[in-house]
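Structure, as structure tokens:
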Amino acid sequence: MLEQKKYQFWFCTGSQDLYGDECLAHVAEHSKIMVEALNKSGNLPYEVVWKPTMITNEVIRKTFNEANIDERCAGVITWMHTFSPAKSWILGLQELRKPLLHLHTQFNREIPYDTIDMDFMNENQAAHGDREYGHIFSRLNMERKVVAGYWEDPEVQKEVGAWMRTAVGVIESSHVRVMRVADNMRNVAVTEGDKVEAQIKFGWEVDTYPINEVVEEVNAVSQADIDALVEEYYSKYDILLEGRDEKEFRQHVAVQAGIEIGFERFLEERNYQAIVTHFGDLGGLKQLPGLAMQRLMEKGYGFGAEGDWKTAAMVRIMKIMTQGKKDAKGTSFMEDYTYNLVPGKEGVLEAHMLEVCPTIADGKIAIKEQPLSMGDREDPARLVFTAKTGPAIATSLIDLGDRFRLIINEVECKKTEKPMPKLPVATAFWTPQPNLKVGTEAWILAGGAHHTAFSYDLSAQQMGDWAAQMGIEAVYIDKDTNIRQFKNELNWNSVFYRK
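In my numbering, the protein residues as written are 44 to 542.
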């Protein structure tokens, strides 16, 4: 379901005609060389497309409006090779609706000390032109990403590549449609939110369907389709009978196969990319969707439990942002459960009743069946595993009533000290930065939820850039977090982001 879209990014070089045609020819030649090298670098996830040098108000407006309507264009990269008078850019920038990166670089790495003259100075003056260009963004109070450094350096290229994924997340946000089955979990606050404001800010469409409309689709799945998917399960995963009757076990697994097929057909037919379920409203379903939701997440769907549509949308966006990433470690819905408070071994045990995405699994994945007190249905089949180790981020999008806030926590995923043979769910274990005490204090002060959209493959900076492009508040909890300073930041933000 998660298709790799062939997005492009337009490379727009700024100049003017003060220095004559020969200079402009060099500007065009240099920018073409840069674009070709960027595309060959292997550090960018999407293609860069060269555009003719932009020297007039009319050309700038026309180019940016063409970018607006080109569905393949996910953003523009701009660079002022020479001096480009910034008033020429005002109307074009005001009309641009795509993300923009200002690449502050120059064609030559080193000053040619022996030969430099005024012709060279006039032609190669990004140090001049980029400052004029940067000023107009500040004057217009417009959001943009700035990357500074030499364009051939791999680290600079990787910064550009990371921003490309953020830009795609911005573009794809307006395509996210979330299907809610039933409503929010009763009396729970943090999973609520203003769906109209979310559509205004993010472009998300969030719709609710009665569970039995989806059950009709599940019941319509043929036995042949169910049997084929069960065979796929049995060939792909370890089967943990643990004394259960094999025939009954297989029947329970088949229920999840029917749920997976039926739910996916319902989503595809109505063009939804994320789904929310609620154990309190299962209608005619025989089991709480477990293995089925895990598999849908693995295919790229966003997911949120107990009515949490904000997390479902964020999981979808973060999966889109990581698509095609080499050596990706996974992205998932997650929930904080319980702490380990032993000195030197502090951490948070992460899991959910059933629904954790298998993309984050480390090693073998197995199917298990256990009773579940919630939902009042038969024992659901679920995938069980432990998560990978390494650095990751956990994000929580919350609605504060007058604004949205994205909380971004850098975490270090670890293995638990001991196995947990009686815990029948997929798990992760992490220590938040800078440590458990400060990290959890800051999370609570910021109003963070117990559900998170979690990823090994995105950085805090990428998610902060996404929030900035969306015009919402972002707060970071990382190795530099200090509670006194953090509380001040929250207070300052309450003024800055107030409507």
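Heads up, the beta-carbon is just placed ideally off N, CA and C, and yes, glycines get one too.
For D442, which residues does DSSP report across the bridge?
-> F447
Answer with buried or exposed for H178, where buried requires no fewer than 16 other C-beta atoms within 10 angstroms of its C-beta.
-> exposed
Give the single residue among L443, R115, P464, E453 whose Cα lies nearest to the Cα of K411.
-> P464
Nearest-angstrom Cα distance between Q200 and Y382?
-> 40 angstroms
What are the residues that DSSP puts in a beta bridge with A348?
-> T320
K54, DSSP secondary structure in three states | Looking at the sequence itself, residue 54 is Phe, so the reference to Lys does not match. DSSP places F54 in strand when its eight states are reduced to three.
Thinking C-alpha only, which one of L143, S375, E195, D64 is nearest F54?
-> L143
By Cβ distance below 7 angstroms, which residues in the same chain neighbour Y540 in space, the five residues on each side in sequence not counted?
-> R446, E516
Identity of the residue in V91, I103, T125 nearest L61 by Cα = T125
If we count the other Cβ atoms within 10 Å of its Cβ and call it buried at 16 or more, is N525 buried or exposed?
-> exposed
Confirm, please, whether the CB-CB distance from I451 to Y519 is below 7 angstroms.
-> yes
Does the count of Cβ pairs from the segment 127–141 and the segment 98–115 closer than 8 angstroms reach three?
-> yes
Return the first residue and the last residue of the beta strand (DSSP E) that D390 is part of.
-> The question names Asp, but residue 390 is Gly in the sequence shown. 390–394 is the extent of the beta strand (DSSP E) around G390.
Start and end of the alpha helix (DSSP H) containing P197?
-> 197–216
Inter-residue spacing [alpha-carbon to alpha-carbon] between A68 and M164 | 16 angstroms
Do three or more CB pairs link the segment 239–254 to the segment 202–219 at distances below 8 angstroms?
-> yes
Cutoff 7 angstroms; reference A335; Cβ partners in own chain excluding five residues on either side = Q299, I302, E303, F306
Alpha helix (DSSP H) segment containing A191, residue limits | Not the alpha helix (DSSP H): A191 falls in the beta strand (DSSP E), residues 188–191.
Going by DSSP, what residues sit across from E90 in a beta bridge?
-> Q51
For N151, which residues of its own chain have a beta-carbon under 8 angstroms away from its beta-carbon, when the five flanking residues on both sides are left out?
-> N167
Out of D442, F529, L501, A510, state which residue places its alpha-carbon closest to the alpha-carbon of P477.
-> F529
Around the C-beta of G172, are 16 or more other C-beta atoms found within 10 angstroms, so that it is buried, or is it exposed?
-> buried
Quick one: using the 10 Å Cβ neighbour count with 16 as the cut-off for buried, is A205 buried or exposed?
-> buried
Where K411 falls: helix, strand or coil (DSSP) = strand
Backbone CA spacing between R104 and V427 [nearest angstrom] = 54 angstroms
Alpha-carbon to alpha-carbon, N531 and I403 = 35 angstroms
For L533, the first and last residue of its enclosing alpha helix (DSSP H) | 526–539
Should W352 and V319 be called a contact, given that it needs their Cβ atoms to be closer than 7 angstroms?
-> yes
Less than 8 angstroms between the CB atoms is what I'm expecting for S439 and G373, so what's the real figure, rounded?
-> Actually they do not touch by this definition, with Cβ atoms about 18 angstroms apart.
Pick from D405, S375, P423, E274 that is closest to L325, judged by C-alpha positions | P423
Helix, strand or coil for I363 per DSSP?
-> helix
So E421 packs on H295, CB below 8 angstroms; how close in whole Å?
-> 6 angstroms
Taking one C-beta from the segment 359–370 and one from the segment 229–238 each time, how about it: are there three or more such pairs within less than 8 angstroms?
-> no
Using the C-alpha atoms, what's the distance from A348 back to T354?
-> 8 angstroms
Three-state secondary structure (DSSP) at M336?
-> helix
Spatially closest choice to I120 from E138, E114, H147, by CA coordinates = H147
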